[in-house]
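Number of protein chains: 2
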Amino acid sequence: MPRPAFANWLSDTNDVTQIFLAAGQIPGLINMAGGLPDPSTWPIADLSALAANAISNHPKDALAYAPIEGLPSLRDTIAARFSAPGLHLHRDNVMITSGGMQALDLLGKVLLDDGSLIAAQSPAYLGALDAWRPRRPIYRPMHLHANDFDPEAAFQGAQFAYTVPNFSNPTGRLVGLDQRQALLSAAQTTGTWLIEDDPYGTLYYDSAPLPRMLSLSASNSPHEDTPYDGPVIYLGTLSKELAPGLRVGWVIAAPQMIRALVTAKQGSDMSTSGLSQRITQDAFAAGLTDRILPEILALYRARRDALCAAMTTHLADLFTWEIPAGGMFVWATARDPALNTDALLPEALAQGVCITPSSVFDPHGLNRRAIRINFTLNDPEKLTEGVRRLARAAKSCLIKAA
Amino acid sequence: MPRPAFANWLSDTNDVTQIFLAAGQIPGLINMAGGLPDPSTWPIADLSALAANAISNHPKDALAYAPIEGLPSLRDTIAARFSAPGLHLHRDNVMITSGGMQALDLLGKVLLDDGSLIAAQSPAYLGALDAWRPRRPIYRPMHLHANDFDPEAAFQGAQFAYTVPNFSNPTGRLVGLDQRQALLSAAQTTGTWLIEDDPYGTLYYDSAPLPRMLSLSASNSPHEDTPYDGPVIYLGTLSKELAPGLRVGWVIAAPQMIRALVTAKQGSDMSTSGLSQRITQDAFAAGLTDRILPEILALYRARRDALCAAMTTHLADLFTWEIPAGGMFVWATARDPALNTDALLPEALAQGVCITPSSVFDPHGLNRRAIRINFTLNDPEKLTEGVRRLARAAKSCLIKAA
Numbered sequence: 038m039p040r041p042a043f044a045n046w047l048s049d050t051n052d053v054t055q056i057f058l059a060a061g062q063i064p065g066l067i068n069m070a071g072g073l074p075d076p077s078t079w080p081i082a083d084l085s086a087l088a089a090n091a092i093s094n095h096p097k098d099a100l101a102y103a104p105i106e107g108l109p110s111l112r113d114t115i116a117a118r119f120s121a122p123g124l125h126l127h128r129d130n131v132m133i134t135s136g137g138m139q140a141l142d143l144l145g146k147v148l149l150d151d152g153s154l155i156a157a158q159s160p161a162y163l164g165a166l167d168a169w170r171p172r173r174p175i176y177r178p179m180h181l182h183a184n185d186f187d188p189e190a191a192f193q194g195a196q197f198a199y200t201v202p203n204f205s206n207p208t209g210r211l212v213g214l215d216q217r218q219a220l221l222s223a224a225q226t227t228g229t230w231l232i233e234d235d236p237y238g239t240l241y242y243d244s245a246p247l248p249r250m251l252s253l254s255a256s257n258s259p260h261e262d263t264p265y266d267g268p269v270i271y272l273g274t275l276s277k278e279l280a281p282g283l284r285v286g287w288v289i290a291a292p293q294m295i296r297a298l299v300t301a302k303q304g305s306d307m308s309t310s311g312l313s314q315r316i317t318q319d320a321f322a323a324g325l326t327d328r329i330l331p332e333i334l335a336l337y338r339a340r341r342d343a344l345c346a347a348m349t350t351h352l353a354d355l356f357t358w359e360i361p362a363g364g365m366f367v368w369a370t371a372r373d374p375a376l377n378t379d380a381l382l383p384e385a386l387a388q389g390v391c392i393t394p395s396s397v398f399d400p401h402g403l404n405r406r407a408i409r410i411n412f413t414l415n416d417p418e419k420l421t422e423g424v425r426r427l428a429r430a431a432k433s434c435l436i437k438a439a
Numbered sequence: 038m039p040r041p042a043f044a045n046w047l048s049d050t051n052d053v054t055q056i057f058l059a060a061g062q063i064p065g066l067i068n069m070a071g072g073l074p075d076p077s078t079w080p081i082a083d084l085s086a087l088a089a090n091a092i093s094n095h096p097k098d099a100l101a102y103a104p105i106e107g108l109p110s111l112r113d114t115i116a117a118r119f120s121a122p123g124l125h126l127h128r129d130n131v132m133i134t135s136g137g138m139q140a141l142d143l144l145g146k147v148l149l150d151d152g153s154l155i156a157a158q159s160p161a162y163l164g165a166l167d168a169w170r171p172r173r174p175i176y177r178p179m180h181l182h183a184n185d186f187d188p189e190a191a192f193q194g195a196q197f198a199y200t201v202p203n204f205s206n207p208t209g210r211l212v213g214l215d216q217r218q219a220l221l222s223a224a225q226t227t228g229t230w231l232i233e234d235d236p237y238g239t240l241y242y243d244s245a246p247l248p249r250m251l252s253l254s255a256s257n258s259p260h261e262d263t264p265y266d267g268p269v270i271y272l273g274t275l276s277k278e279l280a281p282g283l284r285v286g287w288v289i290a291a292p293q294m295i296r297a298l299v300t301a302k303q304g305s306d307m308s309t310s311g312l313s314q315r316i317t318q319d320a321f322a323a324g325l326t327d328r329i330l331p332e333i334l335a336l337y338r339a340r341r342d343a344l345c346a347a348m349t350t351h352l353a354d355l356f357t358w359e360i361p362a363g364g365m366f367v368w369a370t371a372r373d374p375a376l377n378t379d380a381l382l383p384e385a386l387a388q389g390v391c392i393t394p395s396s397v398f399d400p401h402g403l404n405r406r407a408i409r410i411n412f413t414l415n416d417p418e419k420l421t422e423g424v425r426r427l428a429r430a431a432k433s434c435l436i437k438a439a
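Chains as they are written, first to last, in this note's numbering: chain A, 38 to 439; chain B, 38 to 439.
So, in structure tokens, the structure goes:
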């Protein structure tokens, strides 16, 4: 007898992950596709000691089921860390998640029915599209940098607006202060939830960080003894600040949203690893993330500069791009519309370099004009060689298209 | 402006978790409601050393994003551990999950559309109902121990059949060998997937374990070089064998099912903690779970016996039950239909004891005749005192009902 059919949404998924996985087997490949940190930034000895200490001295935190919403002490740590002048965050404003990715999954679960409307910064983070695909939502793309972008019109009727204001994945663009204010004001006017997904919030290479939209909405928590109750749903993650393998992230939002997310998390994975949570709490308390940040910034700044210099040398005829002021990616748009970046991927793999084509950041898979290039994982020599290979691949691709 | 409405399924959730959480604040409460292991069974020094070693000596396993499907070496370990005479499991048959709970969530994602049909052992594990609630499935209850139970009729048209053959949560009942064969045969005849959820598979107190349905379906992997391709989806977890706080579970199934689950996991939490996975692999390799099992069995066997003895003394007039041959729970059914166990819960809390009412194990919340009592968390003295309090609560409840 045939097996029952899989759920409908599974037929909508793209196969880019499979292509990337297979690419991992190519010897000598330079991987500029992912969003991976450099392992040399991990404070291995410190984390090893923190892990041993967490289990030996806090076994109930580390080894028991944690509360669904997270260890109370870690929630307090996050609330204190993200409070700002006028912004009084309470434990009830915080939930711990299994990486930043899980927050996107849980938000989909609590806010989307089949066919719900999402206003999403365009192009949009692939992981968010993956997380929400099971609900088959309708997307209203938001081109935040377009002259005529109207946040209120964009938010109207949407279950939530999704943004990555700091060095968006994939474009690396920074949303300015005025526009943060405008997005927030539109959320307050329309009532729509405003997701501020912020994995790259510490990775500013050229200037001091802009205020978070969460902080800008401090007027929604005017009293110290009242939890924040504004429209911003702030998502943070340890993956870029310390190490992704611990799978720790956090949501900061109004208590009613936290309660709904807790109900969804109960049926998703019950709780996040207590061991990872305890390590995170102790790492923050020891100032570990703050201690390693300057080194991370210096390393990634130099790599961004190396990548952009190599691109100027080898890719200026083929692509246009902006130098990102932070984050992990350069977004490059083909000058010639005949250069289909879906077709570029296999050519690039054949040349021994992997990048991410723009189609995967489009809910409808139609944008084939651009690529996302990561600069955090490889050293300057590899980045330069990767760009050389990419230039060869693009030229070969154009010849075939002609 | 009002906020957008939450997704429809959220209005269907029960509030039992909130009641239990609030109960945690009652001083002196004896908690016999959960399914928690006794922390004294955790090998703290061993786990602390394994955690430190995982980070120091295997930092890429422990601190990087793990592959979505899990660390290859851990998948191989699980495949070897669950292979059996005639059953050849390959790496492609195995996916690592963030606790057993996540496997249920992912199965719902890949197999359920809104209103899909599930054939579920009745009463059913609360966590499974929680996991599948966002898809609002239709349940066909399976009373496996009823004389006239017909597996083929039950499986017909269902996306999957859900069973906990070893000491079911909540009833503690064991599904016998004949019935395992019958369930498997019905799955093969109808084509339906057969979920074998097995968190309690090592907790046999009175006899040697029965063969898993996965092993009984070995004819679906007749050749050593071909992965298992049968209808059984086997779910395992480290939570009862070692410690729940690591949040590690595993799915063993046909490769096509593993591939679908990997797509769902990619959009759920990207990967399970590498640190937890590496600790798990090294714990299995060191024989840690096998070493601590005899102590766990002796401890829990004595507690089961103490609970059942106290129940015979104090509850025989009020409830009927079977002595479970394993697992973590006794299921007790009220003799008097006037004893509504939803009403019993607040009475029990007032007396200083917490149990789980049967309604939460019924997709429709209608079964109010039974309670689930846990015996693994408390020592015999506390179990006995808990039963005394429960008897007082039940009597008070009956007086109010009269």
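We treat Cβ as the ideally placed atom computed from N, Cα and C, and that holds for glycine.
The model shown is predicted, which means the values in this text are computed figures rather than measured ones.
Cβ-Cβ separation, residue j to residue i (assumed contact under 8 angstroms), whole Å
{"i": "B/R340", "j": "B/L108", "result": "Their Cβ separation, rounded to whole angstroms, is 35 angstroms, which puts B/R340 and B/L108 out of contact at 8 angstroms."}
{"i": "B/L100", "j": "A/A280", "result": "4 angstroms"}
{"i": "B/R128", "j": "B/A116", "result": "6 angstroms"}
{"i": "A/L148", "j": "A/S252", "result": "Between A/S252 and A/L148 the Cβ distance is about 23 angstroms, and since that is not below 8 angstroms, they are no contact."}
{"i": "A/I408", "j": "A/P394", "result": "6 angstroms"}
{"i": "B/S205", "j": "B/M179", "result": "Not confirmed; about 11 angstroms, so no contact."}
{"i": "B/Y271", "j": "B/A290", "result": "7 angstroms"}
{"i": "B/I133", "j": "B/R112", "result": "7 angstroms"}
{"i": "B/A371", "j": "B/F356", "result": "6 angstroms"}
{"i": "A/L376", "j": "A/A438", "result": "7 angstroms"}
Beta-carbon proximity of residue i to residue j, cut-off 8 angstroms
{"i": "B/L386", "j": "B/S396", "result": "no"}
{"i": "A/A14", "j": "A/Q388", "result": "This structure does not reach residue 14 of chain A, given that chain A is present from 38 up to 439, and the question cannot be answered."}
{"i": "B/L221", "j": "B/L231", "result": "yes"}
{"i": "A/G209", "j": "A/G364", "result": "yes"}
{"i": "A/V367", "j": "A/P374", "result": "no"}
{"i": "B/Y237", "j": "B/N203", "result": "yes"}
{"i": "B/Y337", "j": "B/L240", "result": "yes"}
{"i": "A/G282", "j": "A/T274", "result": "no"}
{"i": "A/V390", "j": "A/L435", "result": "no"}
{"i": "B/N90", "j": "B/D319", "result": "yes"}
{"i": "B/I105", "j": "B/V299", "result": "yes"}
{"i": "B/I333", "j": "B/P80", "result": "no"}
{"i": "B/A195", "j": "B/T226", "result": "no"}
{"i": "A/A165", "j": "A/P188", "result": "no"}
{"i": "A/D150", "j": "B/A44", "result": "yes"}
{"i": "A/A223", "j": "A/F186", "result": "no"}
{"i": "B/P96", "j": "A/P74", "result": "no"}
{"i": "B/S305", "j": "B/L143", "result": "yes"}
{"i": "B/A161", "j": "B/F398", "result": "yes"}
Cβ-heavy atom distance, residue i to the ligand ATP, below 7 angstroms
{"i": "A/Q193", "result": "No copy of the ligand ATP appears in this structure; indeed no ligand is present at all."}
Of the residues that make up the stretch 129 to 147 of chain B, which ones have a beta carbon closer than 9 angstroms to any beta carbon in chain A? T134, S135, G136, G137, M138, Q139, L141, D142, G145, K146, V147
Given 8 angstroms, three or more beta-carbon pairs between the stretch 193 to 204 of chain A and the stretch 151 to 169 of chain A: yes
With three or more C-beta pairs closer than 8 angstroms as the rule, is the stretch 159 to 172 of chain A touching the stretch 297 to 313 of chain A? no
Taking contact to mean 3 or more Cβ pairs, one atom from each stretch, closer than 8 angstroms, check whether the stretch 83 to 95 of chain B and the stretch 261 to 269 of chain A are in contact. no
Report the start-end ranges of each alpha helix (DSSP H) in the stretch 141 to 212 of chain B that is 4 residues or longer and not cut off at the edges. 163 to 169, 188 to 192
At which residue ranges does the stretch 299 to 338 of chain B contain complete alpha helix (DSSP H) runs of 4 or more residues, listed in the order of the chain? 311 to 322
Cβ-based contacts, 7 angstroms cut-off: residues of the stretch 168 to 184 of chain A near chain B: A168, R170, P171
What are the complete alpha helix (DSSP H) segments, minimum 4 residues, inside the stretch 53 to 138 of chain A? 53 to 60, 81 to 94, 96 to 100, 109 to 119
Cβ-based contacts, 7 angstroms cut-off: residues of the stretch 93 to 110 of chain A near chain B: S93, P96, K97, A99, L100, A101, Y102, A103
Closer than 8 angstroms, Cβ to any Cβ of chain B: which residues of the stretch 295 to 311 of chain A, in chain order? A297, T300, A301, Q303, G304, S305, D306, M307, S308, T309, S310, G311
Please go through the stretch 213 to 294 of chain B and give each complete alpha helix (DSSP H) segment of 4 or more residues, from N-terminal end onward. 214 to 227, 250 to 253
The stretch 319 to 338 of chain B contacting the stretch 342 to 358 of chain A, beta-carbon criterion three pairs below 8 angstroms: no
Name, going along the chain, the residues of the stretch 67 to 85 of chain A whose beta-carbon falls closer than 8 angstroms to a beta-carbon of chain B. L73, P76, W79, I81, A82, L84, S85
By the 7 angstroms beta-carbon criterion, what residues does the stretch 224 to 254 of chain A contribute toward chain B? T226, T227, G228, T229, W230
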